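Colleague:
This is the structure:
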């Protein structure tokens, strides 16, 4: 299947596409990333929970380490309380295993591990381990024998899936690079004042290729020419100096930004929504909570199957495939409960579970299905790997505080309504009205203009003005006329009655005058209140 990797190094974001559909995201968070190695200082030890808080340079939150994650310190004493292993102000070498979330600091471990392309070096580990995804028994024996021969004394080695079928020289070169990296960490720890960051994978492109590049990737798109060179350099070093076959390394040169061109931002925006539509017409609802993540499956408008049983089975299988993708895309972790549509037979339930299990095998976080409860709920767990999509690209609503709904209590409706009213701008904030330009009269209207300016005509106009003023004072109908709320019409007449200006005055005080020209009349127009 066609698979491509989109790398926006400028934004420290990468996306993996499979069949033109986004599958996973890689984002550099900047602070306390998984894999960072620190020289920390123990702040306080909590014997009640066999844990300690370690200062790693964050003024707001300390890191948390459990007694089971102390690594080399715990090897010195097989038993005993944590107070016998750690003391306040003690320096410890730790690594971030879980990024901070909310008010919780990062989860730390003393079991340091340095990941490479084909191997993972564990300085405080023991023995040789192989990836479970390597299925060939002969290949497993070859890699195990090679790892035993080249493994440094007193360290452990994990052989990754990418080592399958690779030459011995490439694997040995990868191990040499990891040993040099560990020596640099040790040297930095002896010459640096704690707390301090000792090692971080700052090369974003190397990290993306190391974790996401596989043999089925046929295209890599980057946002700069220097990134193209670095991608080629990494691939050449991993393949023993030979250019990989079947991979197109492309430089995005379009005027549209790379994230917008490949609709990565649009996919992230959709992933932040709870509802996900299925191709057949059904949909799923994903609701993460503090304790667990709940996923509900609904048939929606899907009615194309011949029977109700086929509709339920098809929708559940389709939802299982989409849920597996959403778990990777949203990076959901912890306890996850899926409420599939109720199935009548045990055979259908097992078929959906098998389909779901196959879809989850593509996930590197190794989700594990626990059970199918009596209520038909599928329970599974997924290992946490970095922050989820809500923590990376979302924040709590300033109005509801993240509740998802507004609170309306008795007696607070009027107060809330007053708060939501738009403030009335002050006179200084009101915009100055723009009056229209004077209208130029054509030569055909010269005769009309002469008539309006005639002295006898102006005298008649003055008399009529006095009559109208007296009539408006004496007329009770005009005095009792209701005032239109919100809009007042103001009409002004020039001395020679050649034009009338009508302006609508809104509540904001902004006038938008319109110039209305009267046709030729024998008598001047009367002033009418609208």
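Numbering (my numbering), first residue to last: 52 to 581. Heads up, the beta-carbon is just placed ideally off N, CA and C, and yes, glycines get one too. Only a predicted model underlies this, so the values are computations on that prediction, with no experimental measurement involved.
#1: Can you tell me whether residue 89 is helix, strand or coil according to DSSP?
#2: Going by DSSP, name the residue or residues bridged to residue 166.
#3: Between residue 112 and the rest of its own chain, which residues show a CB-CB distance below 7 Å, the 5 nearest in sequence each way excluded?
#4: Please say whether residue 91 and residue 246 have beta carbons closer to each other than 8 Å?
#5: Short check: CB of residue 428 to CB of residue 387, under 8 Å?
#6: State yes or no: is the C-beta of residue 301 within less than 8 Å of the C-beta of residue 270?
#7: If you draw a straight line from the alpha carbon of residue 385 to that of residue 438, how long is it in whole angstroms?
#8: Please identify the residue among 138, 147, 331 and 106 whose C-alpha is closest to the C-alpha of residue 120.
#9: Closer than 7 Å by C-beta to residue 536: which residues in its own chain qualify, once you throw out the five before and the five after it? Chain order, please.
#10: Are residue 211 and residue 182 touching if we call contact CB-CB under 8 Å?
#11: Starting from the Cα of residue 447, find the closest Cα among 370, 153, 431 and 303 and give me that residue.
#12: Alpha carbon to alpha carbon, how far is residue 434 from residue 214? Give it in angstroms, no decimals.
#13: Can you tell me whether residue 641 is buried or exposed? The criterion is at least 16 other CB atoms within 10 Å of its CB, across all chains shown.
#14: Rounded to the nearest angstrom, what separates residue 68 and residue 425 at their Cα positions?
#15: Whole-angstrom Cβ separation of residue 21 and residue 341, contact assumed at under 8 Å?
#16: Give the secondary structure of residue 441 by DSSP, where H, G and I count as helix, E and B as strand, and everything else as coil.
#17: Would you identify the three-state DSSP class for residue 485, choosing helix, strand or coil?
#18: If I'm right that residue 345 touches residue 371 with Cβ under 8 Å, what's the distance once you round it to whole angstroms?
#19: Please go through the same chain and pick out, in chain order, the residues whose beta-carbon is closer than 7 Å to the beta-carbon of residue 228, but skip the five residues on each side of it.
#20: Give me the DSSP bridge partner(s) of residue 334.
#21: Shorter than 7 Å, the distance from the beta carbon of residue 62 to the closest heavy atom of the ligand FMN, or not?
#22: Is there contact here, the stretch 403-412 with the stretch 363-382, by at least three beta-carbon pairs under 8 Å?
#23: Determine the burial state of residue 458: buried for a count of at least 16 other Cβ atoms within 10 Å of its Cβ, exposed for fewer.
#24: Skipping 5 residues on each side, what residues in its chain have a beta carbon closer than 6 Å to that of residue 65?
#25: Closer than 8 Å by C-beta to residue 243: which residues in its own chain qualify, once you throw out the five before and the five after it? Chain order, please.
#26: Among the residues of its own chain, which have a CB less than 7 Å from the CB of residue 283, if the five just before and after it don't count?
#27: Need the endpoints of the alpha helix (DSSP H) that residue 410 sits in, please.
#28: If you run the structure through DSSP and keep just helix, strand and coil, what is residue 66?
#29: Ignore the nearest five residues each way along the sequence and tell me which others in residue 80's own chain have a CB closer than 8 Å to its CB.
#30: Going by CA-CA distance only, name the one from 88, 453, 290 and 160 that's closest to residue 224.
#31: If contacts are defined as beta-carbon pairs under 8 Å, then residue 60 and residue 274 qualify, I think. What distance do you get, rounded to the angstrom?
#32: Which residue marks the beginning of the beta strand (DSSP E) containing residue 102, and which one marks its end?
#33: By the 10 Å Cβ neighbour count, where 16 or more other Cβ atoms means buried, how is residue 38 classified, buried or exposed?
#34: According to the Cβ coordinates, are residue 134 and residue 85 closer than 8 Å?
#35: For the stretch 198-252, which segments carrying the beta strand (DSSP E) assignment without a break, of at least 3 residues, lie completely within its bounds, in sequence order?
#36: From which residue to which residue does the beta strand (DSSP E) around residue 160 run?
Modeller: Judging by the given coordinates:
#1: strand
#2: 171
#3: 151 and 156
#4: yes
#5: no
#6: yes
#7: 12 Å
#8: 147
#9: At residue 536, the pLDDT of 46 sits below 50, so the modelled position is not reliable; the number obtained from the coordinates is stated separately. Excluding sequence neighbours, residue 536 sits near nothing in its chain.
#10: yes
#11: 153
#12: 23 Å
#13: Residue 641 lies beyond the range of the chain shown here (52 to 581); nothing can be said about it.
#14: 37 Å
#15: Only positions 52 to 581 of the chain appear in this structure, which leaves residue 21 out of reach.
#16: helix
#17: Note that residue 485 has pLDDT 49, beneath the 50 cutoff, so the model's placement of it is unreliable and the number below is only indicative. Three-state DSSP puts residue 485 in coil, outside helix and strand.
#18: Not quite, the Cβ-Cβ distance comes to about 16 Å (not below 8 Å), so this is no contact.
#19: 167
#20: 328 and 349
#21: The ligand FMN is absent from the structure shown, which contains no ligand whatsoever.
#22: yes
#23: exposed
#24: 58, 77 and 259
#25: 90 and 249
#26: 300
#27: 397-411
#28: strand
#29: 150, 437, 438 and 443
#30: 290
#31: 6 Å
#32: 102-106
#33: Residue 38 lies beyond the range of the chain shown here (52 to 581); nothing can be said about it.
#34: no
#35: 207-210 and 247-250
#36: 158-160
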